[in-house]
Amino acid sequence: MEDTPKTQDSTEYSWQERALKAEAELAKALQKLEYLEAQLRLLTAKRFGRSSEKTSKDQLQLFEDVFNEAESNAEPFAPEPELITVPAHQRAKRKKKKGVSLEGLPETVVEYRLPEEKLTCSCGHERHIIGQEVTKELVVVPAQFSVTKHVQYVYACRHCENHGDGTAPVVVKAPKPNRAFPGSIASPSAVAHVIEEKYVMAVPLYRQEKQWERRGVKVSRQNMANWIMAAQHWLQPIYDRMKQVLLSQDIIFADETTLQVLQEDGKKAESQSYMWLYRSGRYGPGIVLFEYQPTRSGEHPKEFLKGFKGYLVTDAYGGYNGIPDVTRVGCWAHARRGFDEAIKAAGKRSKAPQAAEGLKFCNDLFDIENALEDVDPKERYARRLLRSKPVLDAFLAWLEKTREECVKQSHLGKAVEYCLNHWKELNNFLLDGRLELSNNRSERSIKPFVIGRKNFLFCITPRGAKASATTYSIVESAKENGLKPFEYLTYLFTELPNATTKALDEFLPWSESLPDNCRIPSK
2 MEDTPKTQDS
12 TEYSWQERAL
22 KAEAELAKAL
32 QKLEYLEAQL
42 RLLTAKRFGR
52 SSEKTSKDQL
62 QLFEDVFNEA
72 ESNAEPFAPE
82 PELITVPAHQ
92 RAKRKKKKGV
102 SLEGLPETVV
112 EYRLPEEKLT
122 CSCGHERHII
132 GQEVTKELVV
142 VPAQFSVTKH
152 VQYVYACRHC
162 ENHGDGTAPV
172 VVKAPKPNRA
182 FPGSIASPSA
192 VAHVIEEKYV
202 MAVPLYRQEK
212 QWERRGVKVS
222 RQNMANWIMA
232 AQHWLQPIYD
242 RMKQVLLSQD
252 IIFADETTLQ
262 VLQEDGKKAE
272 SQSYMWLYRS
282 GRYGPGIVLF
292 EYQPTRSGEH
302 PKEFLKGFKG
312 YLVTDAYGGY
322 NGIPDVTRVG
332 CWAHARRGFD
342 EAIKAAGKRS
352 KAPQAAEGLK
362 FCNDLFDIEN
372 ALEDVDPKER
382 YARRLLRSKP
392 VLDAFLAWLE
402 KTREECVKQS
412 HLGKAVEYCL
422 NHWKELNNFL
432 LDGRLELSNN
442 RSERSIKPFV
452 IGRKNFLFCI
462 TPRGAKASAT
472 TYSIVESAKE
482 NGLKPFEYLT
492 YLFTELPNAT
502 TKALDEFLPW
512 SESLPDNCRI
522 PSK
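Here the sequence shown is numbered in my numbering, starting from 2 and rising by one per residue.
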């Protein structure tokens, strides 16, 4: 049978169909190319640009702020004193040095007096004191090491040794306080110092080992690690009690970040584990708790928050969904970040007018919050309904309109979709005046761990990761309550082994019974 010849119309239709298909593929390729170029601009901005997402009112100030920091902030070392006139003579007017506070520091007074032979004036009469010139200098004494030798005397009764009936003890030891780390050379202050250096100052143990060696003390990093593990015996009860108090609150902030654990069962050494963070809000005791878990599964926050009923402030991660008796509250900082990244991806604000408009809506909400910073929660709740609610209504209308106009697979499209997909959670801050507009509180608390992770890189075992979680919780909660971590830890390791009558609550970071030397002096 002969093939049916193609007509001219069918051939033209075939070519038109191919042309349309080619145009669609070209448009798709150009769209993808444009997105990749935008992504390159965004990554470049993230790496070399400002890390802050705050909108700068004067971009030209960047050069002065960053590159001329020393010159713009420095003052002459010895400024010419301003003279003021007082009866009989002139006196230099004291100027308070910017950025300097020496309040609360112990002082050593060094006096300079004329020697006896110079107390007599050339006229033959005796000189007398008419005033003082006082200057202060800050003296720094690096970590000093010493050894405390504990000598416990043992007593015996010779009469009982020879004539006793065995009912009374023959040998009696002098009373000696219990030690936190018996059988070890570690003192409360030594362990507190190692912990502060690693978990507050982000100094890995191998660097501490070298630092101690330079000062003539040879203690291996393995010994230091053992001290940290031994400290968990005293820190874990504090952690557990803080968790009980946290779960009794009705507002909790949460976040999570990655951690590499080399010897995790069933996982490769290079795989990622997670450090979860849960903390209290502005109202209530300052509690910051870390928890190590091998995965990012939503079962972990569900288990940790068992018994909690209230508001949970987080980012949009779905792992926090499905927790019973919890109302999710979204983070406007994350919503705002999408529009900020869309502007950076475009290269210039003028090239992303819609992203700039979306950013302005977010900024307006933050401006309102800043104005309500110092009002009580009830008044903040009422004012939000008057001021923030109209902004949200206008923003929602803008989002729905913009979604129809922008490309979904673009940075602007993703920012718009983020807001619309999580609109309910983003609006829930209106439900209670104690709630906050963002989850920045959690991000600030998790940052010390992220900085430390850049230095120590990984944990070897899950046991070490859990110990780090407990220790970070103690030191960050101490900082949150205005305590000095070193002094607070030293106090815990000294007092807890001998605490017989004190309740555990008296050792919590917000306890009023803590000694004054544990507290950072108020400015």
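Note that beta-carbon positions come from the ideal geometry of N, C-alpha and C, so glycine has one too.
Closest Cα partner of residue i within the set the options
i, options, result
"Glu418", "Ala383, Glu401, Val101", "Glu401"
"Gln245", "Leu206, Leu306, Gln223, Thr296", "Leu306"
"Ala232", "Ala193, Ala416, Ser249, Trp213", "Ala193"
"Val171", "His160, Arg445, Asn179, Pro498", "His160"
"Val141", "Tyr113, Arg128, Leu106, Lys310", "Leu106"
"Ser188", "Leu247, Ser147, Pro176", "Ser147"
"Gly311", "Val408, Leu248, Gly339, Leu360", "Leu248"
"Trp235", "Arg222, Ala317, Leu509, Asp266", "Leu509"
"His129", "Thr121, Leu387, Gly414", "Thr121"
"Ala468", "Leu431, Lys448, Ile229, Ala372", "Ile229"
"Arg283", "Asp251, Glu300, Gln264, Ile461", "Asp251"
"Gly132", "Ser123, Glu112, Ser446", "Glu112"
"Gly285", "Trp511, Phe340, Met276, Trp16", "Trp511"
"Val101", "Ala346, Phe367, Ala416, Leu139", "Leu139"
"Lys174", "Asp341, Cys158, Leu393", "Cys158"
"Arg242", "Ser514, Glu507, Pro516", "Glu507"
"Glu117", "Val110, Glu127, Thr109", "Glu127"
"Phe367", "Lys269, Arg338, Lys199", "Arg338"
"Gly323", "Ala343, Lys345, Gly299", "Gly299"
"Glu108", "Ile344, Arg384, Val135, Val204", "Val135"
"Phe494", "Thr462, Pro238, Tyr154", "Pro238"
"Gln145", "Gly348, Ala191, Ser281", "Ala191"
"Asn179", "Lys390, Asp517, Thr501", "Thr501"
"Ser446", "Cys407, Val392, Lys480, Leu458", "Lys480"
"Lys199", "Pro391, Thr491, Asp517, Val476", "Val476"
"Arg208", "Phe457, Leu505, Leu490", "Phe457"
"Met525", "Tyr473, Tyr492, Lys503", "The question about residue 525 has no answer here: the residues shown for the chain are numbered 2 through 524."
"Tyr154", "Pro176, Gly184, Ala383", "Pro176"
"Glu426", "Tyr321, Lys448, Glu406, Pro449", "Tyr321"
"Gln410", "Asn224, Cys363, Ala343", "Ala343"
"Ala336", "Pro295, Pro302, Leu393", "Leu393"
"Pro449", "Glu271, Ser15, Leu278", "Leu278"
"Tyr240", "Lys269, Arg215, Arg280, Glu214", "Arg280"
"Leu360", "Arg216, Asp341, Glu496", "Asp341"
"Ser407", "Ala353, Lys345, Ser514", "Per the sequence shown, residue 407 should be read as Cys rather than Ser. Checking every option, the nearest Cα to that of Cys407 belongs to Ala353."
Residues sharing a beta bridge with residue i, DSSP
i, result
"Ala255", "Tyr279"
"Gln294", "Tyr275"
"Lys244", "Per DSSP, none; premise fails for Lys244."
"Val155", "Lys174"
"Thr121", "Glu127"
"Val262", "Cys460"
"Gly299", "Paired residues: none, contrary to the question."
"Gly311", "Val327"
"Arg520", "Leu484"
"Val135", "Paired residues: none, contrary to the question."
"Val289", "Arg280"
Cβ distance (whole Å) where residue i is taken to contact residue j below 8 angstroms
i, j, result
"Gly434", "Arg381", "4 angstroms"
"Gln355", "Thr403", "6 angstroms"
"Val262", "Ser274", "5 angstroms"
"Glu358", "Trp333", "Not a contact, Cβ separation roughly 16 angstroms."
"Leu103", "Lys137", "6 angstroms"
"Ala317", "His412", "Incorrect: roughly 16 angstroms between the Cβ atoms, too far for contact."
"Ala181", "Pro498", "5 angstroms"
"Cys460", "Leu206", "Contact doesn't hold; Cβ gap of about 12 angstroms is too wide."
"Glu370", "Leu431", "Between Leu431 and Glu370 the Cβ distance is about 12 angstroms, and since that is not below 8 angstroms, they are no contact."
"Ala470", "Tyr293", "4 angstroms"
"Leu490", "Ile196", "6 angstroms"
"Pro463", "Glu214", "Not really, about 30 angstroms apart at Cβ, beyond 8 angstroms."
Contact with chain B by residue i, beta-carbon distance below 9 angstroms
i, result
"Cys460", "The chain labelled as chain B is not found in the depicted structure, where only one protein chain is given."
Is it a yes or a no for the segment 290-307 touching the segment 320-333, going by three-plus beta-carbon pairs under 8 angstroms? yes
Those runs of the alpha helix (DSSP H) which lie wholly inside the segment 445-513 and span at least 4 residues: 463-481, 486-496
Is it a yes or a no for the segment 512-524 touching the segment 480-487, going by three-plus beta-carbon pairs under 8 angstroms? yes
Runs of alpha helix (DSSP H) lying entirely within the segment 168-236, each at least 4 residues, in chain order: 189-200, 206-215
Three or more C-beta pairs under 8 angstroms: does that hold for the segment 254-271 against the segment 220-231? no
For the 8 angstroms Cβ check, are there 3 or more pairs between the segment 440-456 and the segment 375-393? no
Residue ranges of each beta strand (DSSP E) run of no fewer than 3 residues wholly in the segment 314-381, ordered along the chain? 327-330
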